[in-house]
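Working notes, structure below.
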Amino acid sequence: MADLRVNIGALALKNPVLTASGTFGYGEEFADFIDLTRLGGFIVKGTTLHPREGNPYPRMAETPMGMLNAVGLQNKGVHYFVEHIYPRLKDINTHVIVNVSGSSIEDYSETAAIVNDLDNIPAIELNISCPNVKKGGMTFGVQPNAAAEVVSAVRKAYHKTLIVKLTPNVTDITEIAKAVEGAGADSVSLINTMLGMAIDAERRKPLLSTVTGGLSGPCVKPVALRMVWQVAKAVKVPVVGLGGIMNATDAIEFMLAGATAVEIGTANFIDPSITVKVVDGINDYLDRHGFKSVRDIIGALEV
Amino acid sequence: MKKYLLDLKVVANERLASNFVLLKLQGDQPLPDMLPGQFAELRVDDAPHTFLRRPISINFVDRQQNSVWFLIQLVGEGTKRLATLELGSVVNVLLPLGNGFAMPQCADEQLLLVGGGAGTAPMLYFGEQLQQQGIRPSFLLGARTASMLLQLDEFNKYGDVYTTTEDGSHGEKGFVTQHSILSDKHFDRICCCGPKPMMLSVARYAKAKGITCEVSLENKMACGLGACLCCVENTTAGHVCVCTEGPVFNINDLLWQI
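Top to bottom, those sequences are chains C and R.
Basically this note's numbering = 1-based index in the first sequence + 1151.
Basically this note's numbering = 1-based index in the second sequence + 3.
Here is the structure:
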């Protein structure tokens, strides 16, 4: 049994496997299939200051080796989370991380401040990369200055581990990563979904109500891996890698490229027990290659 | 209800009509409890363009054979791949998912179970479960033509079967809502599963007559667990997941133009 512990800023994880926001509900949805406490942590659904109904149906289109979604941050708002969901999650023996989104800097700060007061939430993931909302979301994540501005504001309101989730829909993701690092982020996670679309040729209609949506699944993995590799070289803070991880080998590839931890996303929809299989698979790999600690493979890519 | 992720073995894969198969999957452990109207998510292996599981309603549970049946309409690559599964091969199945039809509170409830196309599937298991409660429902099954009315022998075991076909080749000619049984017999509740236009017209009929009506929806979904929030239906409670809050809804909870 290798040592699987890693640190994201001040946040000590028992292993590097997290779940991607929006793919794992509030964890409870998966409790019939896995022991949630075996995860390094899980990142719950994107949470906003006010409740959001999200985008109209249809919100999903299957694509080769992946899917598009246009959910649009449907959630009941941070106050509902505090009152109804947090009490159910707070005593679980793993880290629960809240993904925070907003449509203005004030929204982000206020939501982060509310989550800051929850003793058993040790970190937030700041979502400046959702492609499915009209205001806010990705608009903060495509400009280094705007990204730095929202992260600076949240940094003042939030005093625990601050992970900033980045969009791949930019010319140079390292510029954004450096900007949010400079503004006080403890870590960056990448990639959020890639903007895409799907068409029904017979009906001459888009398959999503919003026309465009976010692409995820193994089809985005090569892009995600490349971006993690670039960002890990460009910043000093730990990088959390995600994008199309379907198995332990994929997770290990992200760590070799420089990720300190990984998030499993869309794969949860295909195999709701995949996360613990990835934990076990990472351990097997380390044993097989004679690594005593998972930390030994972070950025260990031989180029 | 606890959900299970099971590897089940194909013990039958029969072609029914031109574009349906009846897939029977057997467990090596006793299958869990399942309710009529619930569904399963079947993983489709070895189909390069099929990434997600396929949500399929539970057609029947054969406790003697310890098998669960799925009536599968061949729509795209994923369902066509399921249709080619050979005996003895293994399918990974997530079940039981969602909520079923309401079970009757009294033994003399007059139930009409309406199915169209693949939507007849859940009504068979519903009929069998009603029989166990001593209730004999009426089935009203609709199809385009006689060859597309499936499992009639099975339905006959559990209730009175009425049919409509668009070409008049079986039962009464026309749509289910035009069948004479609707005016000849009194029903306390109508449960319906089928194409949206059919469910809409059944819902309109029920509402006009003041009859309780449940419909089973099949919105496009990914996870089946309420995590991805893709399959939402707009309801009086806002956007809710069909996979966890449905697939069966009382029509009063939907925002359909009834």
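Glycine included, each C-beta is placed from N, C-alpha and C at the ideal position.
Quick caveat, the model's predicted, so the values are computed rather than measured.
Is there at least one Cβ from chain R nearer than 8 Å to residue 1168 of chain C's Cβ? No, residue 1168 of chain C does not count as interfacial toward chain R.
Taking CB distances under 8 Å as the criterion, tell me whether residue 1360 of chain C reaches chain R. No - not a single Cβ of chain R is within 8 Å of the one on residue 1360 of chain C.
First and last residue of the beta strand (DSSP E) that includes residue 12 of chain R? Here the beta strand (DSSP E) through residue 12 of chain R covers 7-19.
Does any residue of chain R have a CB that is nearer than 8 Å to the CB of residue 1211 of chain C? In terms of beta-carbon proximity, residue 1211 of chain C lines the interface with chain R, with at least one pair separated by less than 8 Å.
For chain C, is any of its Cβ atoms less than 8 Å away from the one on residue 252 of chain R? Interface flag for residue 252 of chain R against chain C is unset, since no Cβ pair is found closer than 8 Å.
C-alpha gap between residue 1246 of chain C and residue 1192 of chain C, whole angstroms: Distance between the alpha carbons of residue 1246 of chain C and residue 1192 of chain C: 4 Å.
With distances taken Cα to Cα, identify the nearest neighbour of residue 125 of chain R among R:108, R:157 and R:34. Among R:108, R:157 and R:34, the Cα nearest to that of residue 125 of chain R is on R:157.
Quick one: which residues of the segment 85-106 of chain R get their C-beta closer than 9 Å to a C-beta of chain B? List them in chain order. In the structure shown, chain B cannot be found, because the protein chains are C and R.
For the segment 1231-1265 of chain C, which residues have a CB atom closer than 8 Å to at least one CB atom of chain R, in sequence order? Among the residues of the segment 1231-1265 of chain C, none has a Cβ less than 8 Å away from any Cβ of chain R.
Evaluate contact between the segment 1416-1436 of chain C and the segment 52-65 of chain R, counting only Cβ atoms and requiring at least three cross-stretch pairs below 8 Å. Verdict: yes, contact present.
Report the three-state DSSP secondary structure of residue 261 of chain R (helix, strand or coil). It is coil, neither helix nor strand.
Candidates C:1330, C:1364, C:1318 and C:1332: which alpha carbon is nearest residue 1375 of chain C's? Checked all of C:1330, C:1364, C:1318 and C:1332; the closest Cα to residue 1375 of chain C is C:1318.
For the candidate residues C:1195, C:1216, C:1258 and C:1254, whose alpha-carbon lies nearest to that of residue 1237 of chain C? Checked all of C:1195, C:1216, C:1258 and C:1254; the closest Cα to residue 1237 of chain C is C:1195.
Leaving aside the five residues before and after residue 190 of chain R along the sequence, list all residues of the same chain whose C-beta is less than 8 Å from its C-beta, in chain order. Counting only Cβ-Cβ distances below 8 Å, and skipping sequence neighbours, we find 113, 114, 115, 141 and 214.
Which residues, taken in chain order from the segment 24-47 of chain R, show a beta carbon closer than 8 Å to some beta carbon of chain C? So the list reads 46, given in the order they occur along the chain.
Check the DSSP bridge columns for residue 1357 of chain C and list the partner residues they point to. C:1350.
When the Cα atoms are used, what is the spatial distance from residue 71 of chain R to residue 45 of chain R? Spanning the two alpha carbons is a distance of roughly 12 Å.
Buried or exposed for residue 1152 of chain C, going by 16 or more other Cβ atoms inside 10 Å? For residue 1152 of chain C, the number of other beta carbons within 10 angstroms of its own is below 16, and it is reported as exposed.
Quickly, what does DSSP pair residue 242 of chain R with across the bridge? List them, please. In DSSP, residue 242 of chain R forms a bridge with R:237.
On the DSSP bridge list, what partners appear for residue 1316 of chain C? Residue 1316 of chain C is bridged by DSSP to C:1278 and C:1340.
Residue 1324 of chain C, DSSP secondary structure in three states: Note: residue 1324 of chain C maps to helix in three-state DSSP.
Considering only their Cβ atoms, is the gap separating residue 63 of chain R from residue 104 of chain R smaller than 8 Å? The Cβ atoms of residue 104 of chain R and residue 63 of chain R lie no closer than 8 Å to each other.
Going straight from the alpha carbon of residue 91 of chain R to that of residue 184 of chain R, what length do you get? About 43 Å.
Under 8 Å between C-beta atoms of residue 1180 of chain C and residue 228 of chain R: Going by C-beta atoms, residue 1180 of chain C is nearer than 8 Å to residue 228 of chain R.
Assigned secondary structure, residue 3 of chain R (DSSP; H/G/I helix, E/B strand, else coil): Outside the displayed span of chain R (4 to 261) sits residue 3 of chain R, for which this structure offers no information.
Step through the CB atoms of chain C and report whether any lies within less than 8 Å of the CB of residue 236 of chain R. Judged by the 8 Å Cβ criterion, residue 236 of chain R is in contact with chain C.
Along the chain, where does the alpha helix (DSSP H) containing residue 1303 of chain C start, and where does it finish? For residue 1303 of chain C, the uninterrupted alpha helix (DSSP H) segment begins and ends at 1295-1308.
Could you name the residues of the same chain whose beta carbon sits closer than 8 Å to that of residue 1231 of chain C, not counting the 5 residues immediately before and after it, in chain order? These residues qualify, in order along the chain: 1202.
Going by Cα to Cα distance, which pick from R:144, R:179 and R:168 is closest to residue 162 of chain R? With distances taken between Cα atoms, residue 162 of chain R lies closest to R:144.
Contact set between the segment 209-238 of chain R and chain C, restricted to residues whose Cβ is under 9 Å from the partner: Of all residues in the segment 209-238 of chain R, 222, 223, 224, 225, 226, 227, 228, 229, 230, 231, 232, 233, 234, 235, 236 and 237 have a Cβ within less than 9 Å of some Cβ in chain C.
When you compare the CB of residue 1199 of chain C with every CB in chain R, is at least one pair closer than 8 Å? Cβ-Cβ to chain R under 8 Å: no for residue 1199 of chain C.
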